[in-house]
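Below is one structure, written out as structure tokens; comments come after it.
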Amino acid sequence: MELREALEARASCRKFRAEPVPVEDLREMVRAAGLAPSPGNTQPWRFVAVLGAEAIEPLGRAVRQRLAAALPDPADERAARARARAEWLATFFTEAPAVIAVVHQPRRTAFDDLLEGQRDERAEAFREIDRAQPALQAIGAAIENLLLAATAMRYGACWLTAPLVARAQLEDQLDIREPERLVALVAVGRPVALDAEHRARRPLDEIFTVRY
Ligand SMILES: Cc1cc2nc3c(=O)[nH]c(=O)nc-3n(C[C@H](O)[C@H](O)[C@H](O)COP(=O)(O)O)c2cc1C
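In my numbering, the protein residues as written are 852 to 1063.
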């Protein structure tokens, strides 16, 4: 599949066939992720593939437990439906044959080295860069590359942050230790249906302006 075609075809997939995903295919997706741009080419990421129900289910259990404790008891049927939907969006990844945990691996940039120990106004100007979270921006680009590669390889995938309600428990299970941080999961598998419906998008004129 051509890049343009993958771009247009990509949509979040939340229903997968049981078929396992070969590690070689996951490696190819992560290779594509690693081609993303990053601040000073620091590549502040690593990816952990979790394969099979036996390994994935305990992650889902931790998320379900945290959600049960954190979500208020629904007051009526509508609230109960909204709650069930939220739970589904945070836990459907347990039905995927593969889950990729995306880990932020902090790495020093040239700016960090230059600003070591600086606390003055000049340093403050550079802190503005940190406020835009350049490493997380790069990780977002990497995840999109991964999704596009998965789409091009006829896989379905979905980017998830809702499971992070149980971040500490997931990190524990996946041996992710400070200063690393789990920032997302990506569920991957052969989609039940290939043409997932496309979510509506804001009109181009609303999100794009030109200044001369
Ligand atoms: C940062 C981020 C976090 C997301 N977290 C979740 C999630 O936790 N659960 C989920 O089902 N979808 C999640 N999504 C998928 C979005 O719901 C989806 O991308 C959006 O509705 C647009 O639909 P599309 O991906 O099919 O184009 C997330 C997407 C992004 C970019």
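No residue lacks a Cβ here, since even glycine has one placed at the ideal position from N, Cα and C.
This structure is a prediction, so every number in the text was calculated from the model and none was measured.
Ranges of the alpha helix (DSSP H) found wholly within the stretch 999-1031, counting only runs of at least 4: Within the stretch 999-1031, complete alpha helix (DSSP H) segments of at least 4 residues are found at 1018-1025, given in chain order.
Rounded C-alpha distance that separates E975 from G891: Straight through space, the alpha carbons of G891 and E975 are spaced by roughly 20 Å.
As assigned by DSSP and simplified to three states, the class of F898: Residue state, collapsed to three classes: strand.
Beta carbon of V954 nearer than 8 Å to that of E1031: Note that the C-beta distance between V954 and E1031 is below 8 Å.
Residues that DSSP places opposite A952 in a beta bridge: According to DSSP, A952 bridges with V899 and L1036.
Inter-residue spacing [alpha-carbon to alpha-carbon] between A904 and L910: One C-alpha to the other measures close to 10 Å.
For P1042, the residue or residues it bridges with in DSSP: Listed as beta-bridge partners of P1042 by DSSP are F867.
Beta-carbon contacts of R1018 that lie in its chain and below 6 Å, excluding the five residues immediately before and after: For R1018, the CB contacts under 6 Å within the same chain, skipping 5 residues up- and downstream, are L1033 in chain order.
Nonlocal neighbours in the same chain, by C-beta distance under 8 Å from F944, ignoring five residues either side: Counting only Cβ-Cβ distances below 8 Å, and skipping sequence neighbours, we find I907, L910, G911, V950, C1009, L1011, P1014, L1036 and A1038.
Alpha-carbon to alpha-carbon, K866 and M1004: Taking the straight line joining both Cα atoms gives about 17 Å.
Proximity winner among F1059, L997 and H1049, relative to G885 (alpha-carbon distances): Per the Cα distances, L997.
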